[in-house]
Amino acid sequence: MSVLGELAQINRQKRVYKDLVSNKNCANPYLADFLFDISRARQPQTLESIDTWFNTNLNKKQRLAVQKMLGAIDIALVQGPPGTGKTTVIAEAILQFVQRGQSVLLSSQSHEAIDNALERLPNHLSLKVIRLKKTSNESKIAPMLKKMLLGAITVLQKVMPKKF
1 MSVLGELAQI
11 NRQKRVYKDL
21 VSNKNCANPY
31 LADFLFDISR
41 ARQPQTLESI
51 DTWFNTNLNK
61 KQRLAVQKML
71 GAIDIALVQG
81 PPGTGKTTVI
91 AEAILQFVQR
101 GQSVLLSSQS
111 HEAIDNALER
121 LPNHLSLKVI
131 RLKKTSNESK
141 IAPMLKKMLL
151 GAITVLQKVM
161 PKKF
């Protein structure tokens, strides 16, 4: 990345930080509190029961993480070292939320992390995924994810408006 690119990114992060701490343009007025001190977020009193697991290979800790995410009152953060199954847990949680009729916003500091999670989702009819990304980098996106790009969806809506 160039120096100008890094400066632009730093300036963008500064703007977002200022908006976040001032609650400007923020859907959750407590988001800054939770991100800077997660202990301020309320913990669920009970774990969500799950009748059907989409990924039957989840271990006990991964299942517990999904249950905690489903029961989160304020926010759920997933962290851990590489190779612990964070992406697998996120994919399972997305499917569980969608099965319950809820919407999911998946965000990360890198496009690669988002793509990895989306690639683990099966082609399930109830999943309606929109992938936001600069079109200049479209060549780096896996073929199965290209149909999720907002530009591709917009084109499809113009061609087949009754299907969306």
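If you read the sequence shown in full-length UniProt numbering, its first letter stands for residue 1, the second for the next number, and so on.
Where is the CB? At the ideal position from N, CA and C, for every residue including glycine.
Given the structure is predicted, the values throughout are model-derived calculations rather than measurements.
- Within the segment 11–47, the complete alpha helix (DSSP H) runs of at least 4 residues fall at 31–36.
- Looking from the CA of F54, the closest CA among A113, I94 and Q109 belongs to I94.
- Rounded to the nearest whole angstrom, the C-alpha separation of L106 and N11 is 23 Å.
- Between the alpha carbons of G83 and T46 lies a distance of about 28 Å.
- Remark: C-beta atoms of K68 and P44 approach each other more closely than 8 Å.
- Here the alpha carbons of Y17 and A117 stand approximately 26 Å from one another.
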